[in-house]
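A.B. asks: A single structure is presented below for examination.
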Amino acid sequence: MKILIIVPNNNLGGAEQFLRMVASHYHKEHEVSLYFFYKKVEANAWDKLVGSNIKKHLFSNKNEKMGFLKFFSHQLFGNKEEYDYIYTSNVFVTGITGLFLKLGLLKTKKFIGRESTSIFIRYKGLKLMRYKLFYYLGYSKVNLLICQTDVMREQLVSALPFLKTRAHTISNPINLTEMIAMSQKEFTIELPNEYMVTAGRLMPIKGFDYLIRAFASIKDRFPNLKLVILGDGNEEEKLRDLSRSLQLENDVIFEGYVQNVYPYFKNAKLCVVSSILEGFPNVLLQMMSQNNNVVSTLCAGNIDKINGIEVCRPGDVEDLAKSIEKVLMGDTTNNRMLFDTFLEQNDIEKFVKKVENLA
2 MKILIIVPNN NLGGAEQFLR MVASHYHKEH EVSLYFFYKK VEANAWDKLV
52 GSNIKKHLFS NKNEKMGFLK FFSHQLFGNK EEYDYIYTSN VFVTGITGLF
102 LKLGLLKTKK FIGRESTSIF IRYKGLKLMR YKLFYYLGYS KVNLLICQTD
152 VMREQLVSAL PFLKTRAHTI SNPINLTEMI AMSQKEFTIE LPNEYMVTAG
202 RLMPIKGFDY LIRAFASIKD RFPNLKLVIL GDGNEEEKLR DLSRSLQLEN
252 DVIFEGYVQN VYPYFKNAKL CVVSSILEGF PNVLLQMMSQ NNNVVSTLCA
302 GNIDKINGIE VCRPGDVEDL AKSIEKVLMG DTTNNRMLFD TFLEQNDIEK
352 FVKKVENLA
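Those letters in the sequence shown? Residues 2 to 360, by my numbering.
The following block contains the structure:
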C-alpha cells in the first residue's frame, strides 16, 4: 500500500504526534510519504522515522504559506501518485486536501481526516468563520472523519450536518512498544527527589497558571515537592513571574521542550493535566503508561470514563489542589491494571484496523 500523510509543519503537537504514530505503524510494511509544508523546528522525533519505506518532502524553510504554494505547484506539475490512504489532522490541511481531491490534484482510494480540537467550542467570530471555510472547501471528500470524543463529534455534526455519516468517535491511539522503549532509555538529567510533572505548550489554554496556584496552596503540606513543567511557549515569562510572586521560584522548574518525556513521567510522584479545553490530551495517555498517579481536568469529553484518573473542573484552583492532594495521600496501586487495560485497547495496531474498517 501507499500512504500519504500531510502535516502543516514538523512540530510535534498532539495532532502531529498522532500522524507520526500512524506513519511509524505503516512504514514497517508499506510505503509512506510525509509532506511537510514548513520546517518549524530543527530536530525532533520525526527525524527518527527512517528506512526505505519512508519518503519525506519538505516544501519550505520559511513559512507555511510558502510551503502551501510549493505543495500546490508540486501537485499541479509533478506528483501523479495514487495513494491507498491519505491522512491529515488539521482543519486547514484537511480542507485543502479535500479541495485538491476535488480538482484532481491528488488521488486516493480513502481519505482519513482527524479533528484535533473542538473548533465550534473553542473559537468564535471571524476565526470560526475562517475554519468553516475550510470545512466547506474540502470535507465532503473525507471518507472517515475521526473525532476523539463524543462531545467533539456532537458539536461538529450539530454545526455541519453533512458530516454526520462520515464522523466517528475513535479514542486516541498509543504506541505501547515505543512508549516502553522510550521510558527505558538512559536518562542522565538530575531531577528533584520529589516532584509532580506536567507537559505541553506554554499557552493560556493549558491552564498552567491554575496549576502553579494549586501547587502553591498545597506546598506547606508537601514541603519537599517540586513542580516540573515540560514545554516551551509564549507564556513562559508570565508563568515565571507568577511563580516568583508566589515565592515558588525555586520550586517550579521550567525544563523547556523535551523530546523524551517518559522518564519524567515515570519518576514523578504525580502527573497532572491542567488544561482548560482540549480535543483530547495525548499527554494524558503518555502519563498513564508510566505512572499510577494521574490527575486531569475535565478538559475533553470521555476523560471521566477512564477508570483510575482523578478528575477535577477546568479553571478551578481549589478543585485541582484537592485532586492533587487526594492522589498524593491515597493508595493508587490498583490503577496500574486499570491503566494497562485501557491503553492496550487503544494500541495503534488496533486503532488502524478500526480506521480501515470504518473507511
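The beta-carbon is built from N, C-alpha and C at its ideal position, and this holds for glycine as well. None of the values given here were measured: they were computed from a predicted structure.
Just mark N11 as buried or exposed, buried being the case when its beta carbon has 16 or more other beta carbons within 10 Å.
C.D. replies: Buried, since its Cβ has 16 or more Cβ neighbours within 10 Å.
A.B. asks: Enumerate, from N- to C-terminal direction, the unbroken beta strand (DSSP E) stretches of 3 or more residues contained entirely within the segment 279-358.
C.D. replies: For the segment 279-358, whole beta strand (DSSP E) runs of length 3 or above, ordered along the chain, are 295-298, 311-313.
A.B. asks: DSSP three-state call for H58: helix, strand or coil?
C.D. replies: Note: H58 maps to strand in three-state DSSP.
A.B. asks: So, using beta-carbon positions, are S218 and A322 closer together than 7 Å?
C.D. replies: Yes.
A.B. asks: Going by beta-carbon coordinates alone, are I147 and I171 separated by less than 7 Å?
C.D. replies: Against a cut-off of 7 Å, the Cβ pair of I171 and I147 comes out as a contact.
A.B. asks: Would N308 be called buried (16 or more neighbouring beta carbons within 10 Å of its own) or exposed?
C.D. replies: Exposed, by the Cβ-count rule.
A.B. asks: Between which two residues does the alpha helix (DSSP H) containing E256 stretch?
C.D. replies: First-last for E256: 253-257, but that is the beta strand (DSSP E), not the alpha helix (DSSP H).
A.B. asks: Just reading off the alpha helix (DSSP H) that I97 is part of, what are its end residues?
C.D. replies: Counting along the chain, the alpha helix (DSSP H) containing I97 begins and ends at 92-104.
A.B. asks: Between F60, L243, A24, S297, which lies nearest to K49 when the distance is taken from Cα to Cα?
C.D. replies: That would be A24, whose Cα lies nearest to the Cα of K49.
A.B. asks: Given a cut-off of 7 Å on the beta-carbon distance, is the pair G114 and T89 in contact?
C.D. replies: Yes, Cβ-Cβ distance for G114 and T89 is below 7 Å.
A.B. asks: Per DSSP, which residues does E32 bridge with? Please list them.
C.D. replies: Note: E32 sits in a beta bridge opposite K3.
A.B. asks: So, for L359: in the same chain, excluding its five sequence neighbours on each side, which residues have a beta-carbon less than 6 Å away from its beta-carbon?
C.D. replies: Counting only Cβ-Cβ distances below 6 Å, and skipping sequence neighbours, we find L145, H169.
A.B. asks: What are the start and end residues of the beta strand (DSSP E) that includes D242?
C.D. replies: Run containing D242: none in the beta strand (DSSP E); it sits in the alpha helix (DSSP H), 237-246.
A.B. asks: My assumption, with CB atoms under 8 Å, is that L231 sits in contact with A200. Please give the rounded CB distance.
C.D. replies: L231 to A200, Cβ: 4 Å. Contact.
A.B. asks: Taking only three categories from DSSP, how would you classify N10?
C.D. replies: The answer is strand: DSSP assigns N10 an E or B state.
A.B. asks: With three or more C-beta pairs closer than 8 Å as the rule, is the segment 187-197 touching the segment 151-169?
C.D. replies: Short answer: they don't touch.
A.B. asks: Report yes if the C-beta distance between E279 and A301 is below 7 Å; otherwise report no.
C.D. replies: Their beta carbons are under 7 Å apart, which means E279 touches A301 by this criterion.
A.B. asks: What alpha helix (DSSP H) runs, 4 residues minimum, are completely inside the segment 113-164?
C.D. replies: Qualifying alpha helix (DSSP H) stretches, in chain order: 120-123, 126-139, 151-160.
A.B. asks: Which ranges does the beta strand (DSSP E) cover as unbroken runs of at least 3 residues, wholly within the segment 151-225, from first to last along the chain?
C.D. replies: Runs of the beta strand (DSSP E) inside the segment 151-225: 168-170, 196-200.
A.B. asks: Are V152 and R167 touching if we call contact CB-CB under 7 Å?
C.D. replies: Not in contact: V152 and R167 (Cβ atoms no closer than 7 Å).
A.B. asks: Buried or exposed: which applies to L285, given that a residue is buried once 16 or more other Cβ atoms fall within 10 Å of its Cβ?
C.D. replies: Label assigned to L285: buried.
A.B. asks: Round the Cβ separation of L107 and T118 to the nearest angstrom and send it over; I've been treating them as touching at under 8 Å.
C.D. replies: Incorrect: roughly 24 Å between the Cβ atoms, too far for contact.
A.B. asks: Could you check if L226 is buried or exposed, using at least 16 other CB atoms within 10 Å of its CB as the buried criterion?
C.D. replies: So L226 counts as buried.
A.B. asks: For the beta strand (DSSP E) that contains L271, what are its first and last residues?
C.D. replies: Where L271 is concerned, the enclosing beta strand (DSSP E) stretches over 271-274.
A.B. asks: With the cut-off set at 7 Å, would you say N283 and N173 are in Cβ contact?
C.D. replies: Cβ atoms of N283 and N173: closer than 7 Å.
A.B. asks: Return helix, strand or coil for D48, following the three-state DSSP convention.
C.D. replies: The answer is helix: DSSP assigns D48 an H, G or I state.
A.B. asks: Would you mind stating whether S362 and G208 have Cβ atoms separated by less than 7 Å?
C.D. replies: One cannot answer for residue 362 here, as it falls past the ends of the chain, which runs 2 to 360.
A.B. asks: Note down, in chain order, each residue of its chain lying with its Cβ closer than 6 Å to the Cβ of V1, except the 5 sequence neighbours on either side.
C.D. replies: Outside the shown range of the chain (2 to 360) lies residue 1, about which nothing can therefore be said.
A.B. asks: Going by Cα to Cα distance, which pick from E179, F101, L59, D242 is closest to Q18?
C.D. replies: Q18 has its Cα closest to that of E179, out of E179, F101, L59, D242.
A.B. asks: For S244 and G257, what's the separation of their Cα atoms in angstroms?
C.D. replies: Near 16 Å, if we compare the C-alpha coordinates of G257 and S244.
A.B. asks: If I measure Cβ to Cβ from K327 and keep anything under 7 Å in the same chain, skipping five residues before and after, which residues do I get?
C.D. replies: Contacts found: E311.
A.B. asks: In terms of residues, what are the limits of the alpha helix (DSSP H) holding K71?
C.D. replies: First-last of the alpha helix (DSSP H) with K71: 65-78.
A.B. asks: Decide if Y137 is buried, meaning its Cβ has at least 16 other Cβ atoms within 10 Å, or exposed.
C.D. replies: Exposed is the call here.
A.B. asks: Using DSSP's beta-bridge definition, name the partner residues of G15.
C.D. replies: Beta-bridge pairing links G15 to no other residue.
A.B. asks: Quickly, what does DSSP pair V229 with across the bridge? List them, please.
C.D. replies: For V229, which the question treats as bridged, DSSP gives the partners V198, I254.
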